[in-house]
Amino acid sequence: SLKMASDSPESLMALCTDYCLRNLEGTLCYLLDNETLRLHPDIFLPSEICDKLVNEYVELVKTDSIFEPHESFFTLFSDPRSTRLARIHLREHIVQDQDLEAIRKQDLIELYLTNCEKLTAKSLQTLVSFSHTLISLSLFGCCNIFYEEENPGGCEDDCLVNPTRQVLVKDFTFEGFSRLRILNLGRLIEGVNVETLLRPLASLAALDLSGIQLNDVAFLTQWKDSLVSLVLYNMDLSEEHIQVIAQLRKLRHLDISRDHLSSYYKFKLTRRVLNLFVENLVNLTSLDISGHTMLENCTIPSMEEKMGQTSIEPAKSSIAPFRGLKRPLQFLGLFETSLCRLTHIPAYKVSGDKNEEQVLNAIEAYTEHRPEITSRAINLLFDIARIERCSQLLRALQLVITALKCHKDDKNIQVTGSAALFYLTNSEYRMEQSVKLRRQVIQVVLNGMESYQEVTVQRNCCLTLCNFSIPEELEFQYRRVNELLLNILNQSRQDESIQRIAVHLCNALVCQVDNDHKEAVGKMGFVMTMLKLIQKKLADKTCDQVMEFSWSALWNITDETPDNCEMFLNYSGMKLFLECLKEFPEKQELHRNMLGLLGNVAEVKELRPQLMTSQFISVFSNLLESKADGIEVSYNACGVLSHIMFDGPEAWGICEPHREEVVKRMWAAIQSWDINSRRNINYRSFEPILRLLPQGISPVSQHWATWALYNLVSVYPDKYCPLLIKEGGIPLLKDMIKMASARQETKEMAR
Numbered sequence: 001s002l003k004m005a006s007d008s009p010e011s012l013m014a015l016c017t018d019y020c021l022r023n024l025e026g027t028l029c030y031l032l033d034n035e036t037l038r039l040h041p042d043i044f045l046p047s048e049i050c051d052k053l054v055n056e057y058v059e060l061v062k063t064d065s066i067f068e069p070h071e072s073f074f075t076l077f078s079d080p081r082s083t084r085l086a087r088i089h090l091r092e093h094i095v096q097d098q099d100l101e102a103i104r105k106q107d108l109i110e111l112y113l114t115n116c117e118k119l120t121a122k123s124l125q126t127l128v129s130f131s132h133t134l135i136s137l138s139l140f141g142c143c144n145i146f147y148e149e150e151n152p153g154g155c156e157d158d159c160l161v162n163p164t165r166q167v168l169v170k171d172f173t174f175e176g177f178s179r180l181r182i183l184n185l186g187r188l189i190e191g192v193n194v195e196t197l198l199r200p201l202a203s204l205a206a207l208d209l210s211g212i213q214l215n216d217v218a219f220l221t222q223w224k225d226s227l228v229s230l231v232l233y234n235m236d237l238s239e240e241h242i243q244v245i246a247q248l249r250k251l252r253h254l255d256i257s258r259d260h261l262s263s264y265y266k267f268k269l270t271r272r273v274l275n276l277f278v279e280n281l282v283n284l285t286s287l288d289i290s291g292h293t294m295l296e297n298c299t300i301p302s303m304e305e306k307m308g309q310t311s312i313e314p315a316k317s318s319i320a321p322f323r324g325l326k327r328p329l330q331f332l333g334l335f336e337t338s339l340c341r342l343t344h345i346p347a348y349k350v351s352g353d354k355n356e357e358q359v360l361n362a363i364e365a366y367t368e369h370r371p372e373i374t375s376r377a378i379n380l381l382f383d384i385a386r387i388e389r390c391s392q393l394l395r396a397l398q399l400v401i402t403a404l405k406c407h408k409d410d411k412n413i414q415v416t417g418s419a420a421l422f423y424l425t426n427s428e429y430r431m432e433q434s435v436k437l438r439r440q441v442i443q444v445v446l447n448g449m450e451s452y453q454e455v456t457v458q459r460n461c462c463l464t465l466c467n468f469s470i471p472e473e474l475e476f477q478y479r480r481v482n483e484l485l486l487n488i489l490n491q492s493r494q495d496e497s498i499q500r501i502a503v504h505l506c507n508a509l510v511c512q513v514d515n516d517h518k519e520a521v522g523k524m525g526f527v528m529t530m531l532k533l534i535q536k537k538l539a540d541k542t543c544d545q546v547m548e549f550s551w552s553a554l555w556n557i558t559d560e561t562p563d564n565c566e567m568f569l570n571y572s573g574m575k576l577f578l579e580c581l582k583e584f585p586e587k588q589e590l591h592r593n594m595l596g597l598l599g600n601v602a603e604v605k606e607l608r609p610q611l612m613t614s615q616f617i618s619v620f621s622n623l624l625e626s627k628a629d630g631i632e633v634s635y636n637a638c639g640v641l642s643h644i645m646f647d648g649p650e651a652w653g654i655c656e657p658h659r660e661e662v663v664k665r666m667w668a669a670i671q672s673w674d675i676n677s678r679r680n681i682n683y684r685s686f687e688p689i690l691r692l693l694p695q696g697i698s699p700v701s702q703h704w705a706t707w708a709l710y711n712l713v714s715v716y717p718d719k720y721c722p723l724l725i726k727e728g729g730i731p732l733l734k735d736m737i738k739m740a741s742a743r744q745e746t747k748e749m750a751r
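Its first residue numbered 1, the sequence shown is counted upward by one per residue in full-length UniProt numbering.
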């Protein structure tokens with residue numbers, strides 16, 4: 001089902017929501033006074049649509065760098081007569097006091113505020129507006145929501161001297177929240193009296209007190225008849241805590257896990273404590289004891305432990321206290337404990353570090369609220385993907401994508417997640433991945449590159465992009481990916497390996513794409529960036545992959561793109577060409593790339609006069625004799641000269657060398673090439689070659705063009721015969737055979 005889920009198209013609802021949010025002004029809204037968004041008066045939307053709009057908006061602001069947030073977005077939902085909200089999930093800095101204030105008239109049933117650090121005590125007052133309808137509330141990580149600004153002197157002038165101080169609000173309680181059943185206060189700020197805060201709540205069903213230190217939790221027993229879920233992650237426990245928990249007999253989910261790296265805990269889990277839970281909490285279906293040290297041996301003797309087929313039956317449990325369970329648990333959290341490596345664990349789902357299944361369960365369970373644990377779990381997945389083969393590939397990919405999206409600003413997750421993605425997208429897994437899924441990977445990779453200038457993340461992201469077919473799979477983010485790569489290459493201090501991968505990607509991105517793409521990338525400063533890299537390498541006297549890829553990228557980006565050819569000349573490209581030729585006389589690959597590029601420049605009539613100098617013409621003439629890279633360097637040099645000759649004797653504005661002398665050397669070169677040479681070149685169009693056929697001004701150019709076509713169609717007929725026909729080459733060749741000025745051998749070849 002996962003395969004199908006990842007492959008099915010987006011629902012119409014999701015597509016419309018996305019479209020409306022990206023085009024608010026053209027769809028649901030108009031702009032008042034050029035700045036405030038207002039809903040069109042004839043629009044009435046039910047909560048099913050409004051909830052989606054708000055939740056998707058938060059998601060877009062968080063994960064899509066191109067999406068612009070709107071100051072007045074939340075005011076669109078201020079009037080419940082036209083827009084209804086019921087269940088909304090807001091996160092991080094996206095939401096401020098005035099945003100909640102804007103929707104205070106809504107009858108919210110579910111409000112999740114996760115890590116909304118900009119919310120202050122003003123929002124506590126707004127919460128009271130929802131008190132009569134709220135069933136579920138999360139204030140997880142809203143670290144400032146119990147602070148208000150106090151103005152010390154109360155006088156106007158004094159404020160300038162003393163900036164506002166933050167004061168803890170002591171008098172807020174959940175008085176009047178009569179329907180509230182589910183509450184998450186995770187990472188609540190110290191100093192708030194939790195007991196007083198919660199006392200008015202009549203019947204809590206689920207409570208999350210993650211990361212809060214409470215010495216006395218006896219007050220929890222006031223909900224012993226209603227509480228079914230209790231989370232005390234990272235709370236330092238004691239015997240008193242355990243005795244209270246054992247009285248909460250309705251509990252179905254108990255989480256007393258901890259991050260074993262975060263601080264020193266005195267409490268150790270014992271066999272007696274686990275027995276107490278099993279005996280008293282008879283409804284328990286989910287228990288998390290991750291990160292705990294076991295003080296005494298809770299396991300059965302190892303001889304017995306290894307026997308028989310792996311079983312989840314409580315009677316066979318390797319963890320002795322769990323033999324008292326009536327049925328297997330739905331979930332058992334054992335991440336970073338020794339127990340997860342045992343054979344018989346009485347649970348359908350176990351989080352741990354023993355194998356892929358346990359690790360994926362851990363990532364799934366802890367991503368939302370525990371990035372510190374998740375990053376370690378992803379690190380384990382990275383090892384599995386690198387060393388063994390992932391058996392649940394799609395699930396693994398989706399979990400890593402979700403974690404990277406959810407924790408865009410968490411360095412550990414970005415480093416481990418981007419590394420895992422590299423191994424999860426490589427070629428052996430390729431067949432199992434849908435287009436949609438691979439696009440999601442590309443999106444999170446580009447997000448990572450945008451948010452992090454950190455070397456490891458940048459390298460991992462670039463390497464992951466190399467697992468995709470370029471340019472095809474990156475086409476949908478073409479501008480963005482080029483901007484990010486050029487950004488990396490323009491940084492003053494550069495990591496060698498990242499530079500090499502980024503140049504390779506840039507080269508691949510401009511190979512075999514449409515001219516408008518090439519022009520757009522040229523305008524982003526592509527030509528300039530490559531020339532700067534070449535300049536730097538020249539100064540270091542090194543001709544490495546970066547140098548060769550940079551010239552290759554310039555060759556690709558100037559193909560049939562006159563604007564980019566002109567940029568190359570304007571930024572002293574010819575000077576660099578001559579210097580590279582002189583500095584690296586033996587580098588064949590380099591010579592081929594440079595001459596391929598100059599061939600593109602020579603195809604542009606307006607730019608040819610700039611090539612008409614004694615120095616350049618001598619260099620090209622001498623390269624006719626080059627044996628570098630088979631015939632490629634000689635062939636490209638001859639191509640450059642063929643275009644220059646095509647402009648006729650009157651364009652030959654130099655005394656040395658003589659035009660006739662160069663023509664003679666061109667004939668000699670062409671006659672020396674093997675007509676069956678296999679080629680290191682790729683033509684998307686024959687137009688620049690066909691141009692040289694219907695003319696009598698330069699028979700040698702005509703001959704070079706005919707030789708080129710003859711060689712390509714005879715060595716690669718499947719590829720080039722259709723191209724020659726499609727571009728009208730046949731009638732041009734027929735006409736040339738009738739021309740008096742054409743040489744006999746040229747006509748033979750044409751025939």
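All residues carry an ideal CB built from backbone N, CA and C; glycine is no exception.
For the pair GLU586 and ASN564, the Cα-to-Cα distance works out to about 28 Å. The Cβ-Cβ distance between GLN702 and MET736 falls below 8 Å. Under the three-state reduction of DSSP, ASN570 is assigned to helix.
Between LEU183 and LEU137 the beta-carbon gap is near 5 Å, inside 8 Å, which marks them as a contact. For SER138, the enclosing beta strand (DSSP E) starts and ends at 136-138.
Using a Cβ distance threshold of 8 Å, VAL217 and HIS241 count as a contacting pair. VAL167: member of the beta strand (DSSP E) spanning 165-168, first to last residue. The closest CA to that of LEU342, considering only LYS349, LYS354, GLN166 and LEU332, is found on LYS354.
In terms of CA proximity to ASP18, VAL61 leads the group GLY141, LYS747, GLY324 and VAL61. VAL546 has its alpha-carbon roughly 8 Å from the corresponding atom of LEU533.
In this chain, HIS292 is not harboured by any beta strand (DSSP E), its DSSP state being neither H nor E.
Under the three-state reduction of DSSP, TYR112 is assigned to strand. Here the alpha carbon of LEU509 sits roughly 33 Å from the alpha carbon of LEU24. The beta carbons of LYS536 and ASP544 sit about 11 Å from each other, so the pair does not count as a contact at 8 Å. With respect to the 8 Å criterion, GLN695 and ASP629 are not classified as neighbours on the basis of their beta carbons. Apart from sequence neighbours up to five positions away, the residues of its chain that approach THR374 with a beta-carbon distance below 7 Å are ILE363, TYR366, THR367, ALA403 and ILE413, ordered along the chain. Fewer than three beta-carbon pairs drawn from the stretch 115-132 and the stretch 374-391 are found closer than 8 Å, and the two stretches are therefore not classed as touching.
The alpha carbon of GLN247 has as its nearest neighbour, out of GLN213, LEU197 and THR221, the alpha carbon of THR221. In the structure shown, LYS587 falls within a coil segment according to DSSP collapsed to helix, strand and coil.
In the displayed model, ASP540 falls within coil according to three-state DSSP, outside both helix and strand. About 6 Å separates the Cβ atoms of VAL350 and LEU334, confirming a contact at the 8 Å cut-off. Rounded to whole angstroms, LEU45 and LYS52 show a C-alpha spacing of 11 Å.
Relative to the Cα of ASN556, the nearest Cα in the group ARG684, GLU305, ASN34 and ASP540 belongs to ARG684. Where LYS250 is concerned, there is no enclosing beta strand (DSSP E), because DSSP gives it neither an H nor an E.
The Cβ atoms of GLU566 and LEU505 do not sit closer than 8 Å to each other.
Annotation for VAL435: the continuous alpha helix (DSSP H) segment containing it runs 435-451. With 16 or more other CB atoms across the displayed protein chains lying within 10 angstroms of its CB, SER626 is buried. When DSSP assignments are scanned along the stretch 474-549, no uninterrupted stretch of beta strand (DSSP E) that is 3 or more residues long falls wholly within it. Under the DSSP definition of a beta bridge, TYR30 partners with ARG38. Within the DSSP bridge table, the entry for ALA205 names no partner. Linking TRP551 to LEU597 through their CA atoms gives a straight-line distance of about 8 Å.
Separation of VAL633 and ASN55 (C-alpha to C-alpha, rounded to the nearest whole angstrom) is 59 Å.
In the DSSP assignment, TYR348 falls within the unbroken beta strand (DSSP E) covering 347-351. For LEU237, the secondary structure class from DSSP, reduced to helix, strand or coil, is coil.
Rounded to whole angstroms, the gap between the alpha carbons of ASP718 and GLU357 is 49 Å. Distance between MET574 and GLU71, taken at the CA atoms: about 51 Å.
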